[in-house]
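Worksheet: the structure to be examined is printed underneath.
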Amino acid sequence: MQDDLRAELIKQFPAEAVEMTESTGKKYYACPTCKRAITLGETRCSGCSQALSWDHIRHEEAAKGTKTATLSFEVGGDFIKGDCRKCPLSYIAKENSENVYECPLKMRANCKLEIS
Ligand SMILES: [Zn+2]
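Using my numbering, read the sequence shown as starting at 698 and increasing by one per residue.
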């Protein structure tokens, strides 16, 4: 059986809804499969169509704080830190009706890339 078909079949069996507690103490219900917010009593997740059960609601704490993500990518041999024009992440934006290379991470003047 194909994996995606198997996953769809498994979703037909009700899974217990999860009550998430945010670090602020706010509580909400989430789909156990895709973690999207769901409404109390919903029988099916509108996001991933997981069948839901509310008999034994699970309790989980939402992840706290922040994490660090690291991404490695190739740049040209002549690339130097802060050279947004040659950076593959940059995109062209308008600033005072002029085209500028904008950084999606807002690091233009403070480039944190590590070149090796
Ligand atoms: Zn879902």
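Glycine included, C-beta positions come from ideal geometry on N, C-alpha and C. Model, not experiment: these values are computed from the prediction.
Can you tell me whether Leu706 is helix, strand or coil according to DSSP? helix
Mapping DSSP to helix, strand and coil, what is Arg755? strand
Out of Thr767, Gly774, Glu799, Ala790, point me to the one whose CA is closest to Leu810's CA. Checked all of Thr767, Gly774, Glu799, Ala790; the closest Cα to Leu810 is Thr767.
Per-residue DSSP class, three states only, for Lys724: strand
Cβ separation of Ser750 and Ala714, assumed to be a contact under 8 Å, to the nearest whole Å: 7 Å
My output table needs one value for Lys783: the three-state DSSP class, helix, strand or coil. helix
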